[in-house]
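With the first letter of the sequence shown counted as 1, position 228 gets the number 540 in our numbering; the numbers rise by one all the way through.
Below is one structure, written out as structure tokens, with a few remarks after it.
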Amino acid sequence: MAAFYYDYEGYQISSIVNRTSVNENVDAKVLGFEGEFYYQVTDNFRIDSTIGLLNSELADQAPLLDTYDQTGGDPSLVVVKDAGTTQNCVAPIADVNTLLTAGGGAFAGLAAFLCNPNTPQATLGGATLNQTLAGAGLPTFDGAIGNPVDVSGNKLPLAPEITFSLGAEYVFDLNESWDLSVRGDFYHRGEVFTRIFNLEADRIDSFQNANAAIQLTNEDTNMEIELFVKNLLEEDQLTNQYLTDASSGLFTNVFLLEPRQFGFRVSKRW
């Protein structure tokens, strides 16, 4: 059995921004317990189990920008795509609606410059978007990259509060040469978040799985014959995922358990 406590300073969290992997540093505290237990019930019957308990929490720190929701949950903001860099920025939704409808839609095409409103544009005769809007008596924009959010108290990625496994094996003595063993294993992992922002989109539900095997062993000839099955319960369970960059559409890559497998194995050792 083991108990542990970690106090991280500058723990590195990776994300993808503008097609580049970027590390951000956060402080975190982790408290946990792990145990492994074995019980030899009889000479032929054995039970084994493991358990892990974990509590992870991000410490108080400066707000961070969430590229998945750059509005930070503020309903007065809307995400806008930068036509030049394919990155995203945010702008007040009321001002954007004004821009899109002003002059019967005559200014709608200028929305492409919202993320860089103070950069001269050739299509505007060298003027900036804000200069053009101000001249027309319309609201100007600041090209904000986003609204950072407070992640204090959130959980670290892939840190389940509980994991445990349970296995049992029974060995039948068939004769002086051959033994037959029957084994089953069960595993459970609690729910996790895949990012420090702990949104519903970051949540992976808890899952459980089981394996089973029957094995014939001949110690005199070092022969083994095994019939097994893996992933009895949930063959396509989501185990991890990561979010891509805004330039590629913020799609999510996922990792799954291998599909259910049945197998037969014969081996000999010399």
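Even for Gly, the Cβ is constructed at its ideal location relative to N, Cα and C.
Being a predicted model, the structure only gives us computed values, none of them experimental.
Of the residues the options, the one placed nearest residue i, counting alpha carbons only
| i | options | result |
| --- | --- | --- |
| Gly-465 | Trp-582, Gln-399, Asp-339 | Asp-339 |
| Val-334 | Ser-489, Leu-436, Leu-555, Thr-413 | Leu-555 |
| Gly-385 | Leu-445, Arg-572, Val-463, Leu-550 | Val-463 |
| Cys-401 | Leu-412, Ala-414, Pro-460, Thr-410 | Pro-460 |
| Tyr-323 | Ser-388, Lys-467, Asp-381 | Lys-467 |
| Gln-520 | Gln-382, Met-535, Thr-551 | Thr-551 |
| Tyr-351 | Thr-475, Asp-360, Asn-510, Ser-327 | Asp-360 |
| Gln-553 | Ala-524, Ala-446, Thr-533, Asp-517 | Asp-517 |
| Leu-492 | Leu-389, Asn-530, Thr-354, Glu-503 | Asn-530 |
| Val-483 | Gly-496, Ser-477, Ala-439 | Gly-496 |
| Leu-569 | Arg-577, His-500, Asp-548 | Asp-548 |
| Gly-458 | Thr-379, Lys-542, Ala-406, Met-313 | Thr-379 |
Beta-carbon spacing of residue i, residue j below 8 Å
| i | j | result |
| --- | --- | --- |
| Glu-481 | Arg-358 | yes |
| Gln-399 | Ser-559 | yes |
| Glu-536 | Leu-528 | yes |
| Asn-442 | Asn-428 | no |
| Ile-474 | Gly-455 | no |
| Thr-410 | Leu-450 | yes |
First and last residue of the uninterrupted alpha helix (DSSP H) at residue i
| i | result |
| --- | --- |
| Ile-508 | That residue, Ile-508, is in no alpha helix (DSSP H); it is neither H nor E in DSSP. |
| Asn-442 | 441–447 |
First through last residue of the beta strand (DSSP E) which encompasses residue i
| i | result |
| --- | --- |
| Gln-527 | 519–530 |
| Gly-575 | 573–580 |
| Gln-324 | 314–329 |
| Leu-568 | 564–568 |
Opposing strand residues paired with residue i [DSSP bridges]
| i | result |
| --- | --- |
| Trp-490 | Asn-530 |
| Arg-358 | Gln-352, Glu-481 |
| Ser-559 | Looking at the DSSP assignment, Ser-559 forms no beta bridge with any residue, so it has no partner. |
| Thr-332 | Val-329 |
| Glu-536 | Thr-529, Ser-579 |
- Item | Whole alpha helix (DSSP H) elements within the stretch 451–477, 4-residue minimum | none
- Task: Note down, one range per segment and in chain order, each alpha helix (DSSP H) of at least 4 residues found wholly within the stretch 363–425.
- Result: Taken in chain order, the unbroken stretches of alpha helix (DSSP H) that lie wholly in the stretch 363–425 and span 4 residues or more are 405–413.
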